[in-house]
Structures are given as structure tokens and as C-alpha cells.
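So for the sequence shown, my numbering puts the first residue at 49; every next one is plus one.
Quick reminder that beta carbons are idealized off the backbone N, C-alpha and C, glycines included.
Computed from a predicted model, the values in this text were never measured in an experiment.
Worksheet: the structure to be examined is printed underneath.
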Amino acid sequence: LLSLLAANSSEIVDISHEADRKTVYGGTTPSAAPYVALRSQITQHPRKADVILETLGRLPDSTQKLPGLPRGFRRIGNFHTERLDVYDRFTPTLERRMPVAYAFGPDQKPLVQRLAMHGVFVEQLVDSLDVRAEQFTVDSVIRNPREYQGHHEVRLEGLWAPLGITLPPGTYIVREAQPLAILAMYLLEPESDDGFTTWNIMDSWIAPGKPYPVLRIVEPFTVNAPLRPVKP
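What follows is the structure, given as C-alpha cells:
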């Protein structure tokens, strides 16, 4: 894989830059914003593909363990190809269009550090700002009783509604005109199956009947004063 990357490095860099350009453009132009799969399930219809399989040889000492191999086996350089059913595609079950930005209040400051850890750029309002937004109201909080990696995963169900609102100074803004905009969506969207809600980061702010504390800003906006970059 590393050899393949090195041999095609220029093309790969160009593809990455083009993906960044399209994402940033979608964050400033709602009509060009992509739909992003927030929830998916593995496809029920596999595809046929040639899969390379390795045949291992047995070691004289069946108790010996080599790195990356089952106990008692060694690599002998024997590979062969078989045509198999491959389940490696996911089908979206919930998609949302990328917004212009996300907004959340100073009470949610812990989210800033979490976003920064993922490389997401966060800013803060110096002056008030009128925006057209969408707000998610929680109907139910579904908590997995089984622990996974030290967490009880959370899933929210609820409804979105349009909202005209004046955001006060100090509000945190995550503009989607940035290369990691789709990652920001996965982290901040209430319905994401692998975001802050899933991993209990939002637990203290969510309850049935309450609004989710992160708003989606859905129309471009103009600020009266430059936004202040936030350092975590």
C-alpha cells in the first residue's frame, strides 16, 4: 500500500485537494452542499470479487506464536485467489444536507476542545448575529444497556423545525466552509450514529422534550464584526 501511495503521490494529493475544494464550496453555497449519510447499514446484497487468500504452514512447535498469526502457524508465501461474496458496502438509512454552519452556546465550551482534537476549526461571535437555523427537539433518548468501549451508546429520535434566532456574542460557530466539514457533521449532528451524542459527550445536555443544544445554520450570513478564532 505504501509503495502504491508513493508511486501515485501527486495524483493522490490532487484528488485530496479537489475534495477539500468541493467541501469548502458546499459550505458557502447551500445549493451545492452534499447530502451526508449519518446512519448506514451494511448492504444486504453482496458483490462478487476476487479475494486473495493466504495459506499458512504449520510450525514444528504448535505453541509458538508469531506476530500477526494464529498460534502454531507461519507464513510460507502461498497465496491464491478465490471469487467470493464480499460485504463491504453500506447503504445510507439517514441522510442530511450539509448546513452552512453549526452554532452552540458558551455552556457547551467542552465541545470546542473535542472539535479541535479532530482538527475542526471553531470561531466565536464578537457581536450578535441574526440567522435562519434549524433546531432539533429530542423525542426520545435510546441508551444501549450494553457497555461498549467503556460507553453506553446513545441514539436520539426527534424532529427538526425551522428557527429564526439572534445569536448572542460569545456563541461558538463552526463554519462548514472548511476541509473537515463532513467530519464536523458526523460529530455534531444529533442523529449521527458515530458522533458526540453516540459516545456520551452530550449526555448532560439532552433529555426528552428538550432542544438539542447545537443549531444548524442553513442560510449564508454576514457578520457585523469578524469572528474570533477559538483556541482550545
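So the candidates are Trp-253, His-128, Asp-109 and Leu-117; which of them puts its Cα closest to the Cα of Val-186?
For Val-186, the nearest C-alpha among the options comes from Trp-253.
If you follow the alpha helix (DSSP H) that Tyr-73 is part of, which residue opens it and which one closes it?
Counting along the chain, the unbroken alpha helix (DSSP H) around Tyr-73 starts and ends at 57 to 76.
Hey, is the stretch 192 to 200 in contact with the stretch 236 to 244, meaning 3+ C-beta pairs nearer than 8 Å?
The answer is no - the stretch 236 to 244 does not touch the stretch 192 to 200, with fewer than three Cβ pairs under 8 Å.
Can you grab the Cα-Cα spacing for the pair Glu-102 / Arg-123, in whole Å?
A straight line joining the alpha-carbon of Glu-102 with that of Arg-123 spans about 8 Å.
Within 9 Å, strictly: CB atoms of Ile-230 and Val-179:
For Ile-230 and Val-179, no; Cβs fall outside 9 Å.
Rounding to the nearest angstrom, what Cα-Cα distance links Pro-259 and Gly-206 in this structure?
Rounded to whole angstroms, the gap between the alpha carbons of Pro-259 and Gly-206 is 9 Å.
In angstroms with no decimal places, state the Cα-to-Cα distance between Lys-16 and Ile-90.
No statement about residue 16 is possible, as the shown extent of the chain runs from 49 to 280 and does not include it.
Which residue spans inside the stretch 188 to 220 form an unbroken beta strand (DSSP E) run of at least 3?
Runs found: 202 to 215.
Please say whether Pro-115 and Leu-104 have beta carbons closer to each other than 9 Å?
At a Cβ-Cβ threshold of 9 Å, Leu-104 and Pro-115 do not count as neighbours.
Within 10 Å of its beta-carbon, does Leu-204 have 16 or more other beta-carbons around it, so buried, or fewer, so exposed?
Under this definition Leu-204 is a buried residue.
Per DSSP, which residues does Arg-264 bridge with? Please list them.
DSSP output for Arg-264 lists Tyr-150 and Glu-182 as bridge partner(s).
Rounded to the nearest angstrom, what separates His-166 and Pro-217 at their Cα positions?
About 25 Å.
Between which residues of its own chain and Ala-273 is the CB-CB distance below 6 Å, once the five residues before and five after are set aside?
Cβ within range, chain order: Val-174 and Asp-175.
Have a look at Ala-225, Ala-232 and Pro-210 and flag the residue whose alpha-carbon is nearest the alpha-carbon of Gln-161.
Checking every option, the nearest Cα to that of Gln-161 belongs to Ala-232.
Would you please state the rounded distance, in angstroms, between the beta carbons of Tyr-150 and Leu-263? I believe it to be under 8 Å.
A Cβ-Cβ distance of about 7 Å is found for the pair Tyr-150 and Leu-263, placing them in contact under the 8 Å criterion.
Can you tell me whether Asp-282 is helix, strand or coil according to DSSP?
Here the chain covers residues 49 to 280 and nothing more, so residue 282 does not appear.
Report the rounded CA-to-CA distance for Val-148 versus Thr-111, giving the unit in angstroms.
In this structure, the straight-line span from the alpha carbon of Val-148 to that of Thr-111 is close to 58 Å.
Under a three-way DSSP split, which group does Ser-88 fall into?
The answer is strand: DSSP assigns Ser-88 an E or B state.
Closer than 7 Å by C-beta to Pro-256: which residues in its own chain qualify, once you throw out the five before and the five after it? Chain order, please.
Cβ within range, chain order: Val-186, Asp-187, Ser-188 and Val-189.
Count Cβ pairs between the stretch 80 to 90 and the stretch 125 to 140 that sit closer than 8 Å; are there 3 or more?
Below 8 Å, enough C-beta pairs join the stretch 80 to 90 and the stretch 125 to 140 to call them touching: three or more.
In terms of alpha-carbon separation, which member of Val-170, Thr-245 and Met-146 lies closest to Gly-153?
For Gly-153, the nearest C-alpha among the options comes from Val-170.
What distance in whole Å lies between the Cβ atoms of Gly-74 and Met-146, which are believed to be in contact at a cut-off of 8 Å?
That belief holds up - the Cβ atoms of Met-146 and Gly-74 are roughly 6 Å apart, short of 8 Å.
Among residues of its own chain, excluding the 5 on either side of Ala-181, which ones have a beta-carbon nearer than 8 Å to its beta-carbon?
Taken in chain order, the residues that qualify are Ala-151, Pro-210, Leu-211, Gly-212, Ile-213, Leu-263, Arg-264, Ile-265 and Val-266.
In whole angstroms, what is the alpha-carbon distance linking Asp-251 and Leu-177?
Pairing Asp-251 with Leu-177, the inter-Cα distance amounts to about 28 Å.
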